[in-house]
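Start counting at 1 in the sequence shown, then tack on 99, and there's your number in this note's numbering. Every residue gets a Cβ at the ideal spot worked out from N, C-alpha and C, and that includes glycine. None of the values given here were measured: they were computed from a predicted structure.
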Amino acid sequence: MKSEADPITDDEWLLRRVRREMFRTDKVPVISPNAFEPRVKGRDPDTDGISFYRLACLTDPSDVLATVPPERQDEYGIVRVSVSLLKSLGLSVVSKPDHRVRGHVVIPELTAAAYQSDKVRFTPIKYKLATEASMEENILRRPSIESK
């Protein structure tokens, strides 16, 4: 397991929690591109960029659910995308430690403000991230199908 202080390398995988609604059975890609859209409203807008977690820093992929209340964890899936894909899209990965989950990083180009000012620019980026995340081997956990 890597330390959070270790440099982020191109061969690493990043994990993203994805809500149940973003898993689609009737469309390709299966993961909605909107799963990679910065949160612009409500509590906690993505002012530093959207969050991911370095797989190499975690004991188990499900560790990324630690910040979700236990009774709601079944509402989330976990997908992975490669650092190399992010970099090929002109995005960077910056460590932003979070005491609750090891390996927290942000994508500073994908902030709420940047997204609101130029949504069209981010459409192909979101689609490429969703396409990679939708590959069967990159879906590490599916949410439960039914809501409780």
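Closest to Glu105 by CA distance: which of Val219, Glu235, Val193, Pro242 is it? The question names Glu, yet the displayed sequence has Asp at residue 105. Per the Cα distances, Val193.
Report buried or exposed for Thr146, applying the criterion of at least 16 other Cβ atoms within 10 angstroms of its Cβ. exposed
Residues bridged to Arg115 [DSSP beta-bridge criterion]: When beta bridges are read from the DSSP output, Arg115 appears opposite Val178.
Three-state secondary structure (DSSP) of Ser131: coil
Identify the continuous beta strand (DSSP E) that holds Leu239 and give its terminal residues. Start and end: 238-240.
Are Lys225 and Glu136 close, meaning C-beta to C-beta below 8 Å? Cβ atoms of Lys225 and Glu136: closer than 8 Å.
Beta carbon of Val205 nearer than 8 Å to that of Asp162: no
Extent of the continuous alpha helix (DSSP H) run through Ser233: No alpha helix (DSSP H) contains Ser233, which DSSP labels as neither H nor E.
How should Thr108 be labelled, buried or exposed, when 16 other C-beta atoms within 10 angstroms of its C-beta is the threshold for buried? exposed
Coarse secondary structure for Arg123, derived from DSSP in three states: Reduced to three states, the DSSP call for Arg123 is coil.
May I ask you to report which of helix, strand or coil DSSP gives Val192? When secondary structure is reduced to three states using DSSP, Val192 falls in the coil class, being assigned neither helix nor strand.
Output the distance between the C-alpha atoms of Ala134 and Ile177, rounded to the nearest integer angstrom. 11 Å
For my contact list, Gly148 and Leu188 are in at a C-beta cut-off of 8 Å; report their separation, rounded to the angstrom. About 13 Å; that fails the 8 Å criterion.
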